[in-house]
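One structure is given here, and the rest of the page talks about it.
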Amino acid sequence: GCATETPGTVMPFPLPTYEHTLYVAVDVPLHSVYVSYQNSGELFVVDTNICNGSHLARCATLRPPAISTGDNPQGLALDKSTQTLYAANQADNTTSVIDASRCDAEVTTGCRHAPPAAPISANGMAADPDVNTLYVASGEHTVAMLDTRTCNAVSVGGCAGTPSQFTAGAHPGPIAVDRRTHTIYVT
2 GCATETPGTV MPFPLPTYEH TLYVAVDVPL HSVYVSYQNS GELFVVDTNI CNGSHLARCA
62 TLRPPAISTG DNPQGLALDK STQTLYAANQ ADNTTSVIDA SRCDAEVTTG CRHAPPAAPI
122 SANGMAADPD VNTLYVASGE HTVAMLDTRT CNAVSVGGCA GTPSQFTAGA HPGPIAVDRR
182 THTIYVT
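Heads up: the sequence shown at position 67 corresponds to 68 in this note's numbering, and the numbers run straight through without jumps.
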């Protein structure tokens, strides 16, 4: 069980002495875990067919492909209905829009291409595909609502505009969505 097993470690993530925060998004059907760790300009995709709870030792042999993003990617959200991965780039105040169907654990043809970006200062984010919305903690007191029908891996025309937003209190951060009630929780 978990209490007796040593966790697997995937390189090239930082050494334990490096202070960092990991952000993840999981795509179960594509056996992919997207991981950002505040590295300048990229995140990684881990193949769960190779590295998983049943094969911890294989995690150390994994060399995950890098995915181009904006500067200092942090929060991640995956909209499974459009196969779009969104990455919040803190340093350049953008949100990368990545085609997860062309950049996953098995298909890497789209991983090194610079993705389009929405001009949204971002921190935490979460997608609710049922209402076609990406919620993005985007400022001192606001959460932006990006329309995922017009800003996704296939259609980027709606990424350039200023999205609707609402006031959410001081310094909104991580966001969670209850898809059953379409309620978002902002910390």
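Beta carbons: idealized from backbone N, C-alpha and C, even for Gly.
Residue burial is scored here from C-beta neighbours: residue 96 has at least 16 other C-beta atoms within 10 angstroms and is therefore classed as buried. From the listed residues 92, 108, 175 and 70, the smallest Cα separation to residue 98 is found for 70.
Annotation: residue 29 to residue 163 spans about 32 Å, alpha carbon to alpha carbon. Taken through DSSP and simplified to helix, strand or coil, residue 74 comes out as strand. With the rule of 3 Cβ pairs closer than 8 Å, the region 55–62 does not count as touching the region 101–121.
Taking a C-beta distance under 8 Å as the contact criterion, residue 133 and residue 85 do not qualify as a contact pair. The beta carbon of residue 159 sits closer than 6 Å to those of 148, 151 and 152, all from its chain and outside the five residues before and after it, given in chain order. The three-state reading of DSSP puts residue 101 in coil, since its state is none of H, G, I, E or B. DSSP places residue 86 inside the beta strand (DSSP E), whose first and last residues are 85–90.
Look at residue 80 here: in three-state DSSP terms it is strand. Residue 118 and residue 100 have their C-alpha atoms some 12 Å from each other.
Looking from the CA of residue 66, the closest CA among 38, 107 and 74 belongs to 107. Here the C-alpha atom of residue 184 lies approximately 6 Å from the C-alpha atom of residue 178.
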